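Down below is the structure, laid out as structure tokens.
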Amino acid sequence: MYKEIKNNIEGVITIKSTGIVRKIDDLGRMVIPIELRKTLNISKKDPMEVFVDENKIILQKYEPGCEYCGSMDDLIEFEDRHICTDCINKMKEKTEE
Numbered sequence: 001m002y003k004e005i006k007n008n009i010e011g012v013i014t015i016k017s018t019g020i021v022r023k024i025d026d027l028g029r030m031v032i033p034i035e036l037r038k039t040l041n042i043s044k045k046d047p048m049e050v051f052v053d054e055n056k057i058i059l060q061k062y063e064p065g066c067e068y069c070g071s072m073d074d075l076i077e078f079e080d081r082h083i084c085t086d087c088i089n090k091m092k093e094k095t096e097e
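Heads up: the sequence shown begins at 1 in full-length UniProt numbering, then just goes up one per residue.
Here it is, written out as structure tokens:
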């Protein structure tokens, strides 16, 4: 079964229903089934982003981008921050002025 939901940023996206229903426990937690974690390559302790879209909660595996431009390409980790090589080169140019 497929559903279409409106996404204000990217237009209409299609989502697939898994038919899995989970209850929230007394501490407000929900277990993500192992089949889904394997399919989406989500491991224990992986950071997850949480988004809210009207009455929907959207979970997404967190993948850090450049602190300055958001790029996911050519990232270098420096003091727990991710910076792409383009932004590093721009910083170098600014310091050489």
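Where a beta carbon is used, it is the ideal one built from N, C-alpha and C, also for glycine. Please read all numbers here as calculations on a predicted model, not as lab measurements.
Across which residues does DSSP place M48 in a beta bridge pair? K61
Which value, in whole angstroms, describes the spacing of the CA atoms of I76 and S43? 23 Å
Euclidean distance between Cα positions of residue 155 and L59: It is not possible to answer for residue 155, since the shown part of the chain is limited to 1 through 97.
How many angstroms separate the CA atom of D74 from the CA atom of L40? 23 Å
Name the residue from D46, C69, E96, S17 whose alpha carbon lies nearest to the alpha carbon of C84. C69
Which residues DSSP lists as bridging E77, in chain order: H82
Have a look at R29 and M48 and give me their C-alpha separation to the nearest angstrom. 13 Å
Looking at the secondary structure, which residues open and close the alpha helix (DSSP H) in which K38 lies? 34 to 39
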